[in-house]
Amino acid sequence: MHELLTPGNGAKLLLLGNEAIVRGALEANVRFVAAYPGTPSSEIIDRFAQLGDEAGVYVEYSVNEKISMETACAAAVSGVRSLCSMKHVGLNVAADAFMTLAYVGVKAGMVIVVADDPSLHSSQNEQDNRYFAKMAGVPMLEPSTPEEAREMTIRAFEISEKHGIPCMLRTTTRVNHCRGPVSLGMLPTEKPEPRFEKDPFNLVVVPMVGRKLRLALLEKLERMREDAERSPFNVVSGGGSWGIVTSGVSYLYVRDAVRDLGLEGRVKILKLGFSFPYPRRVVREFIEGLEKVLVVEELEPFHEEALCVTAQEVGSFVLVGGKGGDLIPRAFELDVVRVKRGVSRFFGVEYEPPEVFSIPELPQRPPNLCPGCPHRATYHSVKKVFGEEAIYPTDIGCYTLGLLPPLRMADFLICMGSSVSTAGGFSKVLDRPVVAFIGDSTFFHGGLPGLVNSVSHDHRILLVILDNGTTAMTGHQPHPGVELTPRGKVEPKVSIEAVVRGFGIRKIATVNPLQVKKTQETLERMRSELQAPGVSVLIAKSPCPLFENRMLGKKQKVVFEVQPDCDLCKQCLEELGCPAFVWEGAGTAGECVRINPALCSGCSVCAQVCKSVKPRRIDESGGAQ
Amino acid sequence: MTTMGEECRAVRIFFTGVGGQGTLVATRLVGEAALEEGMPVTLSEIHGMAQRGGVVESSVVVGDIFSPIIADGEADILMAFEPVETLRALPKCHSGTIVISNTVPIVPFTVAVGQSVYPSHETIYSLVMERVCKVVEVDAVALARKAGSDRAANVAMVGVLAGMDRLAISEASWREALSRVLPPRLFDLNWKAFDLGRKCGSGS
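These protein sequences, in sequence, are chains B and F.
With this note's numbering applied, the first sequence covers 1 to 625.
With this note's numbering applied, the second sequence covers 626 to 829.
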């Protein structure tokens with residue numbers, strides 16, 4: 001039995017926030033889950049994929065966030081509770097569906113989990129998605145802890161179902177990836193009866209329907225606001241003539257700060273959990289009689305602005321502090337020290353921040369493409385053939401790490417799928433070769449429309465599809481082109497090559513990038529083909545070695561070694577940048593380049609690049625490790 | 626040796642290491658043991674880049690504290706799985722911090738290719754010792770090897786922490802936690818590594 005299906009017997013499990021959301025959804029009888037993985041939300045769909053069959057929940061890894069939202073909303077419109085989850089930028093992809101789904105609504109509860117990433121731990125920006133809830137008019141809950149994430153997930157289904165509108169559960173990295181004790185409630189056993197009633201004049205959004213639904217949504221907003229006013233998630237604690245309004249993980253920092261600064265009894269705290277529609281009455285009552293109020297929240301002044309409007313409505317002159325005046329920083333996540341600093345400054349109490357020890361400059365340890373990663377081989381070959389002159393738009397995945405030296409094979413990136421479309425644009429204004437890189441999963445996620453666009457406009461580009469057979473960066477989730485499964489090798493549901501051919505592209509080649517000479521010869525040919533207008537596609541196909549190992553349990557047969565005839569040219573270090581390579585004894589007589597056998601994956605690329613590298617068989621007994 | 630007072634005093638433990646060292650399993654192990662002991666506990670992890678050889682940081686906060694993460698200058702215990710990472714995490718420490726540090730280096734790629742220099746053992750540990758109250762240097766890999774596998778170094782590190790008795794966690798809770806975090810076939814080996822670490826920690 002999966003841990004998250006443990007019967008509710010009063011026991012507590014130590015769960016990630018993401019796992020607590022899964023548990024809450026199961027307790028709320030979710031039966032349909034769809035998502036595209038993305039840090040910090042991935043464990044939600046991953047856990048569902050592990051337990052779906054056992055729990056009687058339909059689970060799919062959708063090709064992108066928009067598709068996941070649309071798929072899941074169809075279930076909820078048919079009376080089946082559904083959930084979709086995404087990282088914050090995923091909501092940009094799904095925004096088209098999100099904005100109008102708020103009009104059309106749902107019949108059974110639907111929860112949309114949106115995981116923001118303050119401090120950009122694993123993201124390209126730190127947008128504050130609470131504005132999306134406000135823009136769409138969708139109710140929003142903001143949990144602070146894993147325990148609360150479970151509880152709010154259950155309530156989110158109820159709110160959604162009651163008002164016939166999806167409910168957004170807005171988390172941040174420190175909720176998703178915190179692990180805390182979570183109590184287990186009962187798991188339901190009754191299965192919902194799916195039912196679809198034809199109702200085109202409410203479900204098919206043409207302008208006349210949209211106008212009616214727009215007005216209905218505004219009425220809904222007021223009814224939902226009434227629920228927010230009475231919600232136990234909007235709670236006041238403490239007392240005094242000063243106030244703090246906060247939400248999400250910031251609430252936790254506030255609690256510690258108020259205690260540590262000796263402000264208990266002087267400050268009352270309003271924690272907003274059901275935070276949109278904004279509970280104006282709760283806030284009005286809270287600020288009544290207060291001298292000053294500080295709003296402590298991560299990222300944008302979302303609650304601060306709402307508070308100012310509410311104060312103005314009742315003619316309150318309460319002094320409001322927040323993002324301005326060096327109090328609560330707007331960029332990056334908060335911690336208890338940052339919050340104490342803001343609280344002490346605003347209320348004028350003493351605080352001495354802890355002394356922070358300084359350290360000398362240390363060797364950096366950036367993440368790196370793994371030893372044996374086929375992307376390294378592809379980048380090496382493309383660089384050999386196209387050099388520094390070409391422009392290299394790239395995309396989002398492990399291969400974005402090709403940005404770092406010594407490869408330096410990334411020139412432009414904004415979002416999922418931007419490699420192809422920006423390449424098209426570059427090709428029209430620059431008289432330089434344009435070679436774009438996109439991963440297999442990202443190709444399906446956001447690359448297809450851009451490629452069709454480039455074909456139809458004869459963009460002179462070479463698109464290299466880095467096909468490692470999995471969604472590697474987020475933890476090896478499947479996609480439509482997957483060939484390796486725990487049951488062995490299968491035909492892909494959607495072949496990338498067939499798709500590309502179907503778009504009418506004729507200049508196509510598929511290579512194994514670990515075969516260096518063949519790959520470079522193919523690239524030479526494709527470079528000359530770029531003289532004529534039109535799109536060329538190279539599919540560099542070789543499985544992610546970590547994934548292949550996990551799926552097929554293949555044993556490594558050889559490791560590679562640098563032979564004594566090495567002339568120390570160091571091209572291996574300067575061009576390949578494989579982490580298994582070590583340069584030792586610089587400037588001494590014993591100077592040498594060595595391959596760490598514990599890291600070597602046996603991919604053989606280095607041996608094809610340098611004649612001084614030779615394989616050694618791993619003997620059966622001890623191995624090379 | 627320090628022991629806990631009557632009430633559950635707050636302890637903030639910061640973990641740092643390199644992707645692949647099993648720091649997240651170690652974090653989980655401490656968290657499960659604290660939960661088993663009935664202490665309030667919160668863990669915080671950063672996922673995503675762990676497999677690509679980058680720095681992995683996590684934390685365990687035990688006792689009556691709300692904040693799930695540890696700010697600079699706040700860690701009471703630093704569990705550092707690698708020497709240079711010990712020094713990199715020094716800003717998390719205060720003058721009363723206890724540092725448990727695995728002395729086996731994992732050379733960063735930037736050093737391997739000659740872009741930077743790995744500081745000497747003396748440089749690292751003298752800088753750390755100057756600042757904090759206590760540094761326990763452990764060859765966790767040797768302990769793990771003695772138990773049967775280098776890979777159990779993470780559990781040996783937790784053993785050292787247990788041996789220092791800063792957390793009032795019973796042997797039974799540690800055992801229960803270990804059996805919850807690892808598959809049964811790995812229990813004996815890891816318990817041995819834990820025990821070797823514990824002896825090392827209590828002797829220090």
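Positions of the beta carbon are idealized from the N, C-alpha and C atoms, including for glycine.
(message) Can you find the residues in the same chain that come closer than 6 Å, C-beta to C-beta, to L807 of chain F, ignoring five residues on each side of it along the sequence?
(response) N815
(request) Determine the chain F residues that contact D116 of chain B at a beta-carbon separation under 9 Å, and present them in chain order. (result) None at all; the shortest Cβ gap to chain F is about 14 Å.
(message) Short of 7 Å Cβ to Cβ, which residues in the region 686-702 of chain F face chain B?
(response) I690, F691, S692, P693, I694, A696, D697, G698, E699
(message) Taking 9 Å as the threshold (beta carbon to beta carbon), is E142 of chain B in contact with chain F?
(response) no
(message) Between F:W799, F:I695, F:E796, which has its C-alpha nearest F338 of chain B's C-alpha?
(response) The sequence given here places Arg at residue 338 of chain B; Phe does not occur at that position. Nearest C-alpha to R338 of chain B: F:I695.
(request) Compare the C-beta of P665 of chain F against all C-beta atoms of chain B and say whether one is closer than 9 Å. (result) yes
(message) Please report the distance separating the alpha-carbon of Q625 of chain B from that of Q646 of chain F.
(response) Residue placement at Q625 of chain B is poorly supported in this model, since its pLDDT is 38, which falls under 50; the coordinates still yield a value, given next. Whole-angstrom Cα-Cα distance: 16 Å.
(request) Report all residues from its chain with a CB closer than 7 Å to the CB of P543 of chain B; omit the five preceding and five following residues, and keep chain order. (result) N468, G469, L484
(message) Contact criterion: CB-CB distance below 9 Å. Does H746 of chain F meet it with respect to chain B?
(response) no
(request) Closer than 6 Å by C-beta to R637 of chain F: which residues in its own chain qualify, once you throw out the five before and the five after it? Chain order, please. (result) V686, I695, E699, A700, D701
(request) Can you say whether F201 of chain B is buried or exposed, counting buried as having 16 or more other CB atoms within 10 angstroms of its CB? (result) exposed
(message) Using CA atoms only, rank isn't needed, just tell me which of F:D697, F:E707, F:L712, F:P708 is closest to H719 of chain F.
(response) F:D697
(message) For N512 of chain B, which residues in the same chain have their Cβ closer than 6 Å to its Cβ, ignoring the five residues on either side in sequence?
(response) S542
(request) Give every residue of the same chain whose Cβ lies closer than 7 Å to the Cβ of L530 of chain B, excluding the five residues on either side of it in the sequence, and list them in chain order. (result) P433, R460, L462, S536
(request) Could you give the DSSP three-state label for Q646 of chain F: helix, strand or coil? (result) coil
(request) Tell whether a beta-carbon distance below 9 Å holds between M99 of chain B and L141 of chain B. (result) no
(message) Contact criterion: CB-CB distance below 9 Å. Does I244 of chain B meet it with respect to chain F?
(response) no
(request) Could you please tell me which residues of the region 349-375 of chain B, in chain order, have their CB closer than 8 Å to any CB of chain D? (result) Any reference to chain D falls outside this structure, whose protein chains are B and F.
(request) Kindly confirm or deny that the region 168-177 of chain B and the region 98-117 of chain B touch, where touching means at least three C-beta pairs closer than 8 Å. (result) yes
(request) Give the interface partners of H445 of chain B over in chain F, defined as CB-CB distance under 9 Å, in chain order. (result) In chain order: nothing, as chain F lies at least about 17 Å away.
(message) Suppose the cutoff is 6 Å on Cβ atoms and the five residues either side in sequence are ignored; what does the same chain contact list for A28 of chain B look like?
(response) I154, F157
(message) Looking only at its chain, what residues have a beta carbon closer than 7 Å to the beta carbon of F503 of chain B, apart from the 5 residues adjacent to it on each side?
(response) L451, V452, V455
(request) Could you pull the start and end residues of the alpha helix (DSSP H) that E288 of chain B belongs to? (result) E288 of chain B -> no alpha helix (DSSP H), and no H or E assigned at all.
(message) At the level of alpha carbons, what is the spacing between E631 of chain F and M664 of chain F?
(response) Residue placement at E631 of chain F is flagged as unreliable, the pLDDT there being 41, under the threshold of 50; a coordinate-derived value is accordingly withheld.
(message) Between which residues of its own chain and E352 of chain B is the CB-CB distance below 6 Å, once the five residues before and five after are set aside?
(response) none
(request) Report buried or exposed for D813 of chain F, applying the criterion of at least 16 other Cβ atoms within 10 angstroms of its Cβ. (result) exposed
(message) Just verifying my parser: in three-state terms, what is the DSSP assignment at M86 of chain B?
(response) strand
(message) I want to see whether chain F comes within less than 9 Å of C606 of chain B, judged by CB atoms only; does it?
(response) no
(request) Work out the CA separation of E147 of chain B and M626 of chain F for me, nearest whole Å. (result) Note that M626 of chain F has pLDDT 32, beneath the 50 cutoff, so the model's placement of it is unreliable and the number below is only indicative. Their Cα atoms are separated by approximately 35 Å.
(message) I'd like to check one pair, L407 of chain B with V438 of chain B: are the Cβ atoms closer than 9 Å?
(response) The identity of residue 438 of chain B in the sequence shown is Ile, whereas the question assumes Val. Against a cut-off of 9 Å, the Cβ pair of L407 of chain B and I438 of chain B comes out as no contact.
(request) Could you check the C-alpha separation between E361 of chain B and P733 of chain F for me, to the nearest Å? (result) 14 Å
(request) Please confirm if I671 of chain F has its CB atom under 9 Å from at least one CB of chain B. (result) yes
(message) Check whether the region 587-600 of chain B and the region 747-762 of chain F touch, using three or more Cβ-Cβ pairs below 8 Å as the test.
(response) no
(message) Is there a Cβ of chain B sitting closer than 9 Å to that of F734 of chain F, yes or no?
(response) yes
(message) Restricting to Cα atoms, I'd like to know which of F:R653, F:N727, F:L660, F:A787 is closest to A705 of chain F.
(response) F:N727
(message) Tell me the residue span of the beta strand (DSSP E) that contains P181 of chain B.
(response) 178-183
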